[in-house]
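Below you'll find the structure, written out as structure tokens, and then a few comments.
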Amino acid sequence: MGRVQINETQYFDGIPSKGWNFALGGYQVCEKWLKDRRGRTLALDDVRHYQKIVVALRRTDELMQEIDTAIPQWPIK
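To convert, count from 1 in the sequence shown and add 369; that's this note's numbering.
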């Protein structure tokens, strides 16, 4: 778990490295979301949305691991 600094005084704490490094379409989702909002003040709704993204990515990684365990050989033969 790590800390993601969003400005000099504020940060998100407890961000799992798998969540931070999770990539879709060649982009790290968490990093891209923040970069797209650079220079803006994040509203409380923005903070909550970011937290939901982190939770969704964590759960997605868990499900991917379960699938890999259930179907160890992909593609199915």
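Here a beta-carbon is modelled for each residue, glycine too, at the ideal position from N, C-alpha and C. This structure is a prediction, so every number in the text was calculated from the model and none was measured.
- Apart from the 5 residues on each side of it in sequence, Phe381 sits with its Cβ closer than 6 Å to the Cβ of Val373 in its chain, given in chain order.
- Annotation: the continuous alpha helix (DSSP H) that includes Gln434 extends over Leu413 to Ala439.
- Rounded to the nearest angstrom, the gap between the Cα atoms of Asp437 and Ala392 is 18 Å.
- DSSP, reduced to helix, strand and coil, places Gly383 within a strand of the structure shown.
- For Lys387, the closest of Arg417, Arg407, Leu432 and Gln379 by C-alpha to C-alpha distance is Leu432.
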